[in-house]
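One structure is given below, encoded as structure tokens.
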Amino acid sequence: MSLSAAASSSTAISARTFSSDLKAPQLGSFRVPNQAVTFSQRWSSVKAVNAQPKRSDSIVPLAATIVAPEEVEKVEVEDYVKLANELGSASPLEIMDKALEKFGNDIAIAFSGAEDVALIEYAHLTGRPYRVFSLDTGRLNPETYQFFDTVEKHYGIHIEYMFPDSVEVQALVRSKGLFSFYEDGHQECCRVRKVRPLRRALKGLRAWITGQRKDQSPGTRSEVPVVQVDPVFEGLDGGAGSLVKWNPVANVEGVDVWNFLRAMNVPVNSLHSQGYISIGCEPCTRSVLPGQHEREGRWWWEDAKAKECGLHKGNLKQEDGQANGNGNGAANPNGTATPDIFTSQNLVTLSRPGIENLARLENRQEPWIVVLYAPWCQFCQAMEASYDELANKLAGSGVKVGKFRADGEQKEYAQKELQLGSFPTILFFPKHSSRPIKYPSEKRDVDSLMAFINALR
Ligand code: SF4
Numbered sequence: 264m265s266l267s268a269a270a271s272s273s274t275a276i277s278a279r280t281f282s283s284d285l286k287a288p289q290l291g292s293f294r295v296p297n298q299a300v301t302f303s304q305r306w307s308s309v310k311a312v313n314a315q316p317k318r319s320d321s322i323v324p325l326a327a328t329i330v331a332p333e334e335v336e337k338v339e340v341e342d343y344v345k346l347a348n349e350l351g352s353a354s355p356l357e358i359m360d361k362a363l364e365k366f367g368n369d370i371a372i373a374f375s376g377a378e379d380v381a382l383i384e385y386a387h388l389t390g391r392p393y394r395v396f397s398l399d400t401g402r403l404n405p406e407t408y409q410f411f412d413t414v415e416k417h418y419g420i421h422i423e424y425m426f427p428d429s430v431e432v433q434a435l436v437r438s439k440g441l442f443s444f445y446e447d448g449h450q451e452c453c454r455v456r457k458v459r460p461l462r463r464a465l466k467g468l469r470a471w472i473t474g475q476r477k478d479q480s481p482g483t484r485s486e487v488p489v490v491q492v493d494p495v496f497e498g499l500d501g502g503a504g505s506l507v508k509w510n511p512v513a514n515v516e517g518v519d520v521w522n523f524l525r526a527m528n529v530p531v532n533s534l535h536s537q538g539y540i541s542i543g544c545e546p547c548t549r550s551v552l553p554g555q556h557e558r559e560g561r562w563w564w565e566d567a568k569a570k571e572c573g574l575h576k577g578n579l580k581q582e583d584g585q586a587n588g589n590g591n592g593a594a595n596p597n598g599t600a601t602p603d604i605f606t607s608q609n610l611v612t613l614s615r616p617g618i619e620n621l622a623r624l625e626n627r628q629e630p631w632i633v634v635l636y637a638p639w640c641q642f643c644q645a646m647e648a649s650y651d652e653l654a655n656k657l658a659g660s661g662v663k664v665g666k667f668r669a670d671g672e673q674k675e676y677a678q679k680e681l682q683l684g685s686f687p688t689i690l691f692f693p694k695h696s697s698r699p700i701k702y703p704s705e706k707r708d709v710d711s712l713m714a715f716i717n718a719l720r
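Using the working numbering, the letters of the sequence shown map in sequence onto residues 264 to 720.
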């Protein structure tokens, strides 16, 4: 059975190893010798027992082999930060070509059934052999399954589907029902149906290719590099740093992905014509209105920050580390103090008594918009420029712009009284109501924030 191939049959590779047994790590059973990039590897010279001088000692282990002392082989380690910088302005096609060239059969494209079909088109255009895998959660839209079939036929490939463990799914559904994610969040279901199958897939690879883009989620994906050592998952060799993650379209805007798909006449999921942009499982994906951000069509009942299903959890790593780690969040991970942010002179810094007063007032002289933030939070840092610009724009307009540092000992109060779910949380305090209104969107550009304010003032 053919696994995954470029149009040319000369580049086709056999896939029988991947599609017949879904239990073992599925991917990566083929090896490409002489990888251009390898990680530090340990090797042992292993000698058969019968190669040793005969011994009569009966407590000699009955193992079939005797392991000689370990030797450490020094191998070149690629600097992926440097490589990411070098490829910063490269086209997706160049990045894809580099990825496939470096990792050969030990790399595969993660295909979700949405516009990341662009990755398959780019891989096809390189003329190199490539592999594609997808997670069949069992909850996808019928249109997505049809699309998988179309893609397989269009490119002459076999997608390597990964399925969840049936015992785990059964336990979850029997104990909590089919829609538990609406009650207690999508993490548990995603862990069973997506993350664990993904982890199994990646354990058979040395690198993977994703369709992550910076513009997909201003909160969680704004720092996605074109290539990185995967901060979350392990690859074939095991351990931290054993997997490389390529994001060839990291710097491409959604609109340009679509221009590319149209220009190349690439088949697309029919859900897109029904208003869907980001496509995942059927119960957790909906169409969005014009102007809404694509991620607002996913897990819309949850807080914006949590909209990463675990597949790209490394995007949240820094914030998680801070939130769970060093208490007051006053220092960054290496222990140095983090300078304050939102420093426009048109911005009011609210103390705890200040925001308590603001929250108590039934009638204010003017409405306020206030960001609850933590200076170490990368998402707060990412919106600093637009929030400062907003403050400058609103100066003298009758709307006050403020900030309240809500980490450390203020966090509990902010969570209880100010609807803080994650950083940053943006609140609008109307003129004639004490109850603040939480900004519901992940779009934190000036125009979106202005639209929110104008709708409420
Ligand atoms: Fe479950 Fe929804 Fe996650 Fe799919 S997206 S795995 S249905 S929670």
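For glycine and all other residues, C-beta sits at the position ideal for the given N, C-alpha and C.
Contact test: residue i Cβ vs ligand 1 heavy atom, cutoff 6 Å
i, result
"Lys457", "yes"
"Phe442", "no"
"Thr413", "no"
"Thr400", "yes"
"Pro546", "yes"
"His695", "no"
"Gly543", "yes"
"Cys453", "yes"
"His449", "yes"
Whole-angstrom distance between residue j and residue i, CA atom to CA atom
i, j, result
"Val515", "Asp478", "8 Å"
"Gly376", "Gly617", "49 Å"
"Phe411", "Leu499", "26 Å"
"Ile358", "Gly504", "20 Å"
"Ala287", "Arg463", "With a pLDDT of only 36 at Ala287, under 50, the local geometry of the prediction cannot be trusted, and no value is derived from it."
"Thr413", "Asp710", "39 Å"
"Val518", "Arg549", "19 Å"
"Arg402", "Pro546", "7 Å"
"Leu346", "Pro355", "14 Å"
"His417", "Asp342", "36 Å"
"Gln678", "Thr612", "19 Å"
"Gly474", "Glu406", "20 Å"
"Val340", "Val458", "28 Å"
"Phe724", "Val495", "The structure shown has nothing for residue 724, since the chain only spans 264 to 720."
"Ser536", "Val551", "11 Å"
"His421", "His449", "29 Å"
"Leu610", "Ala718", "21 Å"
Of the listed residues the options, nearest to residue i (C-alpha basis)
i, options, result
"Cys544", "Asn404, Asn528 and Ile604", "Asn404"
"Ala381", "Arg476, Glu451 and Asn348", "Arg476"
"Pro630", "Leu657, Trp471, Lys663 and Tyr636", "Lys663"
"Val700", "Val551, Ile383, Gln673 and Leu681", "Inspection of the sequence shows that residue 700 is occupied by Ile rather than by Val. For Ile700, the nearest C-alpha among the options comes from Leu681."
"Gln644", "Lys674, Lys656, Arg454 and Pro602", "Pro602"
"Ala669", "Gly684, Ala362 and His387", "Gly684"
"Gln491", "Arg720, Tyr636 and Asn348", "Asn348"
"Met425", "Tyr445, Pro460 and Arg720", "Pro460"
"Asp360", "Glu384, Ala434 and Leu468", "Glu384"
"Glu722", "Leu468, Lys439 and Gly390", "It is not possible to answer for residue 722, since the shown part of the chain is limited to 264 through 720."
"Pro427", "Leu398, Tyr539 and Thr389", "Leu398"
"Asn528", "Ser352, Lys365, Glu378 and Leu363", "Glu378"
"Ala371", "Leu506, Asn620 and Phe715", "Leu506"
"Gly390", "Leu690, Glu415 and Leu363", "Leu363"
"Phe715", "Lys674, Leu653, Gly440 and Ala658", "Leu653"
"Lys666", "Ala434, Ser607 and Gly501", "Ser607"
Local Cβ density within 10 Å of residue i, reported as buried at 16 or more and exposed below that
i, result
"Lys466", "buried"
"Leu564", "The identity of residue 564 in the sequence shown is Trp, whereas the question assumes Leu. Burial call: exposed."
"Phe686", "buried"
"Asn297", "The predicted model places Asn297 with a pLDDT of 35, which falls under 50 and marks its position as unreliable, so this point remains unresolved."
"Gly367", "buried"
"Lys706", "buried"
"Arg456", "buried"
"Gly560", "buried"
"Pro703", "exposed"
"Asp447", "exposed"
"Arg437", "exposed"
"Pro511", "buried"
"Phe442", "exposed"
"Lys508", "buried"
"Gly671", "exposed"
"Val430", "exposed"
"Ser660", "exposed"
"Met646", "buried"
"Asn532", "buried"
"Ala637", "buried"
"Tyr408", "exposed"
Checklist entry - Quick one: any contact between the stretch 620 to 627 and the stretch 684 to 698, if contact means 3 or more CB pairs under 8 Å? => result yes
Next on the checklist: Using a Cβ distance threshold of 8 Å, determine whether the stretch 516 to 530 contacts the stretch 393 to 407, with at least three qualifying pairs required.
Outcome noted: no
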